[in-house]
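Take a look at the structure below.
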Amino acid sequence: KDKGAAVGLREEYDASGQLVLKQVKKGVRDFVFGRTLGEGSYSTVLLATDRQTLKEYAVKILDKKHIIKEKKIKYVNIEKDALNQLIEHPGIIRLFYTFQDSSSLYYVLEEASGGELLGVLKKIGSFDEECTRFYGAQILTAIEHMHERGVIHRDLKPENVLLDDQMHIKITDFGTAKLLPDPRKPVGPPKPYDPTVEEESTRARSFVGTAEYVSPELLTDKSACKASDLWAFGCIIYQLLAGRPPFKAGNEYQTFQKIVGLDYEFPPGFPPAARDLIERLLVLDPQRRLSIEHIKNHEFFDGIKWGRGLWRQKAPRLKPYV
Ligand SMILES: C[C@@H](Nc1nc2c(c3cc(-c4cn[nH]c4)ccc13)C(=O)N=C/C2=C\CC1CC1)C(C)(C)C
37 KDKGAAVGLR
47 EEYDASGQLV
57 LKQVKKGVRD
67 FVFGRTLGEG
77 SYSTVLLATD
87 RQTLKEYAVK
97 ILDKKHIIKE
107 KKIKYVNIEK
117 DALNQLIEHP
127 GIIRLFYTFQ
137 DSSSLYYVLE
147 EASGGELLGV
157 LKKIGSFDEE
167 CTRFYGAQIL
177 TAIEHMHERG
187 VIHRDLKPEN
197 VLLDDQMHIK
207 ITDFGTAKLL
217 PDPRKPVGPP
227 KPYDPTVEEE
237 STRARSFVGT
247 AEYVSPELLT
257 DKSACKASDL
267 WAFGCIIYQL
277 LAGRPPFKAG
287 NEYQTFQKIV
297 GLDYEFPPGF
307 PPAARDLIER
317 LLVLDPQRRL
327 SIEHIKNHEF
337 FDGIKWGRGL
347 WRQKAPRLKP
357 YV
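Number 167 in the working numbering belongs to position 131 of the sequence shown; there are no gaps in the numbering.
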C-alpha cells in the first residue's frame with residue numbers, strides 16, 4: 037500500500053513511538069490544472085483544483101530559466117515578500133503557499149471567482165455613483181493596508197482589481213510592487229556586488245506600469261511613491277463612472293504626453309462630488325495629492341462606514357450609469 041506519498045504524506049513516529057502521518061509540502065501532482073486566467077511577461081496564471089480538498093485556486097507558474105536569463109529574480113522575491121507581508125486583509129488576494137519543480141516556481145493563490153473588475157466594467161459600460169462609491173471605498177482601504185505595511189503597488193488598474201464570489205474586491209498582481217525599507221528593521225551591511233542581481237536603482241528606472249494609469253512622477257523623475265497609487269486610484273474612479281480612463285491616446289507616448297500635461301476632461305453630467313475628488317487626486321505634484329485620510333472624509337464618500345463593516349455589507353447591485 038502506497039504510504040500516501042502520492043498525496044504528499046510522510047510517515048513519522050512521535051516521541052512515544054506513535055505512528056503519525058505528516059502533510060508535507062504540496063506539489064504539482066496535488067492539483068488538476070484548468071483554464072488559463074492570464075499570461076504575465078514571465079508567468080502564466082491558471083485555475084487549479086486541489087485533488088484532495090477539491091478547493092479551487094489560482095496558480096501562478098513562473099519559468100525559472102526565463103527569470104534567471106532576464107535577471108528578474110528580484111521581482112519574483114518582491115512579489116512573494118509583498119504577498120506574505122499583506123496576508124489577512126479582505127481586500128488583498130491571499131498567497132497560500134509556494135513550491136517548485138525542476139523548471140518552474142508555483143504560487144498557490146486565492147481564487148477570485150468574480151474575475152476582473154475591468155471585465156465587469158466592460159460588460160455594463162459604466163458604474164452608477166453608489167457602486168463607484170462602494171468599490172472605490174473597498175479599493176481605498178486595500179491601498180491603505182498596503183501603504184501601512186510599506187508596500188507600493190505601482191500598477192493599480194481595473195484589471196488587477198478582482199472580485200470574489202460576494203462581489204467584494206481583491207487586489208492582485210504584486211509582481212511590480214515596491215517594498216519600502218521596514219522602518220523597524222535596521223538596515224543590514226551593504227551586500228557584495230552580484231552581477232546577476234538587477235540593482236534597485238536600475239529596477240526603479242526600468243519599471244513603468246500600464247500606460248493609462250502611470251503617474252507623472254514615474255514618467256518625469258522615474259520614481260514612484262505611495263501617492264503614485266493614489267493617482268492610479270483617481271484614474272480608476274474616473275473610469276468606473278465614465279466607462280473609460282481619463283488619459284487615453286492612440287499610442288503610449290501620446291498617453292504619456294496627456295498625463296504629464298494633465299490633459300483630460302470630464303464628460304457632461306459627470307457627478308460633481310466625484311469630479312471634485314478626482315481633481316484633487318489627478319494633481320501633478322505627488323505632495324499636493326489628497327492623502328488617504330482626506331479622501332475618506334471627502335463628500336463623495338459620505339455615507340461610507342469605513343473599517344470592517346465595509347467588508348461585511350452586501351455589494352450594491354451593478355447597474356449601468358446611463
Ligand atoms: C489580472 C490577472 N487576472 C486574474 N488574476 C487572478 C485571478 C483571476 C481570476 C479570474 C477568474 C476566476 N474565475 N473567473 C474569472 C480572472 C482573472 C484573474 C484569481 O482568481 N486569483 C489570483 C489572480 C492573480 C494572482 C497572480 C498575479 C499574482 C492576470 C491577467 C495577471 C492573471
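Heads up, the beta-carbon is just placed ideally off N, CA and C, and yes, glycines get one too.
Check whether ASP200 and SER149 have beta carbons under 9 Å apart: yes
Nearest-angstrom Cα separation, counted from LEU131 out to GLN120: Note that residue 120 is Asn in the sequence shown, not Gln. Rounded to the nearest angstrom, the two C-alpha atoms are 7 Å apart.
Using 8 Å as the cut-off, classify the Cβ of ASN123 as near or not near the heavy atoms of ligand 1, replying yes or no. The question names Asn, but residue 123 is Ile in the sequence shown. No, the Cβ of ILE123 stays beyond 8 Å of every heavy atom of ligand 1.
Starting from VAL56 and walking both ways along the beta strand (DSSP E), at which residues does that stretch end? 55-59
Whole-number beta carbon distance between LEU255 and PRO282, since they are thought to touch under 8 Å: With 8 Å as the limit, PRO282 and LEU255 do not qualify as a contact, their Cβ atoms being about 15 Å apart.
Does the beta-carbon of TRP267 have 16 or more other beta-carbons within 10 angstroms, so that it is buried, or is it exposed? buried
Under the criterion of a Cβ to heavy atom distance below 8 Å, does THR208 qualify as lining ligand 1? yes
Decide if SER251 is buried, meaning its Cβ has at least 16 other Cβ atoms within 10 Å, or exposed. buried
LYS294 beta carbon near ligand 1 (any heavy atom closer than 8 Å): no
Per DSSP, which residues does LYS206 bridge with? Please list them. LEU198
What does the Cβ neighbour count give for PHE163, buried or exposed, with the cut at 16 atoms within 10 Å? buried
beta-carbon TYR78 near ligand 1 non-hydrogen atom, thresh 8 Å: no
Please classify TYR229: does DSSP put it in a helix, a strand, or coil? coil
GLN275 burial status per 10 Å Cβ neighbour count (16 or more: buried): buried
Enumerate in chain order the residues of its own chain whose CB-to-CB distance from SER108 is below 7 Å, with the five nearest sequence positions on each side excluded. Just to set this straight, residue 108 is Lys in the shown sequence, not Ser. The residues are TYR78.
Report, in whole angstroms, the separation of the C-beta atoms of LYS96 and VAL81, which I expect to be a contact under 8 Å. 5 Å
Spatial neighbours of ARG353 within its chain, please: C-beta separation below 6 Å, excluding the five flanking residues on both sides. none
Euclidean distance between Cα positions of PHE306 and LEU320: 22 Å
Unbroken stretches of the alpha helix (DSSP H), 4 residues or longer, contained in the stretch 275-351: 288-296, 308-317, 328-332, 345-348
Here's a check: name, in chain order, each residue in its chain whose Cβ is nearer than 8 Å to the Cβ of GLU180, leaving out the five neighbours to either side. ILE328
Please state whether DSSP places GLU147 in a helix, a strand or coil. coil
How would you label GLN323, buried or exposed, when you count the other beta carbons within 10 angstroms and need 16 or more for buried? exposed
Quick one: give me the first and last residue of the alpha helix (DSSP H) that ILE109 is part of. 109-121
Check whether the stretch 144-161 and the stretch 190-205 are in contact - that is, three or more C-beta pairs closer than 8 Å. yes
According to the neighbour-count rule (16 or more other Cβ atoms, all chains shown, within 10 Å of its Cβ), is GLN174 buried or exposed? buried
Please identify the residue among HIS102, ARG185, ILE103 whose C-alpha is closest to the C-alpha of ILE128. ARG185
Mind checking whether THR212 and TYR111 have CB atoms under 9 Å apart? yes
Going by beta carbon distance, what residues of the same chain come within less than 7 Å of ALA118, once the five residues before and after it are set aside? VAL187, PHE210, ALA213, LEU215
Under a three-way DSSP split, which group does ARG190 fall into? coil
Does DSSP put THR168 in a helix, in a strand, or in coil? helix
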